[in-house]
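Okay, so the sequence shown: first residue is 79 according to the numbering used here, each after it adds one.
Note that CB positions come from ideal geometry on N, CA and C, so glycine has one too.
Single-structure report; data block below.
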Amino acid sequence: MRAIEIAKPGGPEVLEWREAPEPRVERGDVLIDVTASAVNRADVLQRQGFYDPPPGASPYPGLEVSGVVAEVGADVEQFKPGDEVCALLGGGGYAERVAVPWQQVMPVPDRVSLREAAALPEVACTVWSNVFMIGRLRRGETLLVHGGASGIGTFAVQLAKALGSYVVTTVGSAAKGERVRELGADEVINYREEDFAEKAHADVILDIMGAKYLAGNVRALKTGGRLVIIGLQGGLKAELNLGVLLGKRAAIHATTLRARPVDEKGVIVRSVVDNVWPLIGAGAVSPVVYAEVPMSEAAEAHRMLDSGEHVGKILLVR
């Protein structure tokens with residue numbers, strides 16, 4: 079088969095479409111002929127040499143795919159060859175085929191094409207597990223989403239709105255603000271012009287920035303609020319005023335998805351299929367696809383992501 083390999087740490091130009099060994103199918107694995115994958119911030123970090131795959135994962139980038147089941151391992155009863163599926167991966171999505179534990183494989187939801195389904199696994203599992211399973215966002219509460227125009231952000235806005243929350247989001251331009259309002263955001267804050275901590279008061283905050291936003295996020299939390307940090311684009315270390323946190327009886331959670339054990343990912347995946355897929359099937363939530371790029375031209379897709387101009391997901395298609 080062919081796959082995108084990282085020749086050496088660096089810019090998009092280090093991504094090369096090469097011949098690669100066929101994936102090995104273990105007893106609990108599903109082998110997928112890949113239709114599409116999607117670009118995530120973690121792929122960029124891996125390309126730059128800052129985020130190695132977890133032990134046992136494929137060395138190729140790519141945290142999600144959609145495609146058709148080609149083969150199943152001896153212990154797999156949940157899927158069969160010919161099934162159209164999408165899957166959450168530890169790596170290996172930028173390839174013609176990938177083997178993945180069956181627990182991380184999902185049927186393609188209704189109202190979504192096989193190609194579009196590649197835009198769903200990472201965002202759906204990330205948003206559902208962090209905002210609802212960990213953050214416990216409830217109907218009528220307020221969610222603040224940082225980076226509302228990103229893949230994670232566009233999905234979080236739609237899902238929280240569909241489940242009855244008031245949604246506030248930060249964006250970097252008026253054009254992006256208009257788009258996220260179309261997706262259901264009740265309030266939009268341009269972080270280049272306004273202090274989100276002065277304007278937003280949230281029960282749950284989904285944060286991708288880390289250190290840079292820590293103090294502001296704690297200020298923006300309501301009493302009993304929950305801050306969930308899933309990214310560190312704004313740095314690793316910051317000072318925290320514990321007095322403010324105590325006074326608000328608030329909580330801070332920091333999580334990752336990629337390195338979790340298969341069984342933990344499986345719990346999230348099953349919960350997503352049970353709770354999120356019906357909303358997609360009903361048309362209340364949809365994947366937002368900014369562009370489709372041939373997989374062999376993954377470098378161009380990474381340049382798009384690096385530019386920061388996109389809204390939603392960038393797909394790599396075969």
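Practice problem: Would you list the one or two residues that DSSP bridges to G145? | Solution: G145 pairs with V112 and V163.
Practice problem: To the nearest angstrom, report how far apart G359 and G321 are at their CA atoms. | Solution: Each residue's Cα considered, the two are about 45 Å apart.
Self-check item: V245 - partner residues in DSSP beta bridges
Solution: Residue pairing by DSSP places V245 opposite L221 in a beta bridge.
Quiz item: What does a CB cutoff of less than 6 Å around E83 pick up in its chain, not counting 5 residues either side in sequence?
Solution: Take E83, set aside five residues on each side of it, and the residues of its chain with a beta-carbon closer than 6 Å to its own are E94 and R96, in chain order.
Quiz item: What does D285 pair with, by DSSP beta-bridge criteria?
Solution: I307, per the DSSP bridge assignment.
Practice problem: Report the residue from D281, E155 and D130 whose alpha carbon sits nearest the alpha carbon of K326. | Solution: With distances taken between CA atoms, K326 lies nearest to D281 out of D281, E155 and D130.
Quiz prompt | Beta-bridge pairing of R396 - partner residues as DSSP gives them | solution = Answer is none; R396 lacks a bridge partner.
Self-check item: For M382, the first and last residue of its enclosing alpha helix (DSSP H)
Solution: Its alpha helix (DSSP H) spans residues A376 to S385.
Practice problem: Please confirm whether A329 and A289 have their CB atoms less than 8 Å apart. | Solution: No. Outside cutoff.
Quiz item: Between which two residues does the beta strand (DSSP E) containing E265 stretch?
Solution: First-last of the beta strand (DSSP E) with E265: E265 to N268.
Quiz item: Buried or exposed: which applies to D273, given that a residue is buried once 16 or more other Cβ atoms fall within 10 Å of its Cβ?
Solution: The residue in question, D273, is exposed, as its Cβ has fewer than 16 Cβ neighbours within 10 Å.
Quiz item: What does a CB cutoff of less than 6 Å around S144 pick up in its chain, not counting 5 residues either side in sequence?
Solution: So the qualifying residues of the chain are T113, A114, C164, L192, A195 and A196.
Quiz prompt | Whether T204 touches L383 by CB criterion (8 Å) | solution = No. Outside cutoff.
Quiz item: Within this structure, are the beta carbons of A234 and L357 separated by less than 8 Å?
Solution: Against a cut-off of 8 Å, the Cβ pair of L357 and A234 comes out as no contact.
Exercise. Consult DSSP for Y291 and reduce its assignment to one of helix, strand or coil.
Key: Helix.
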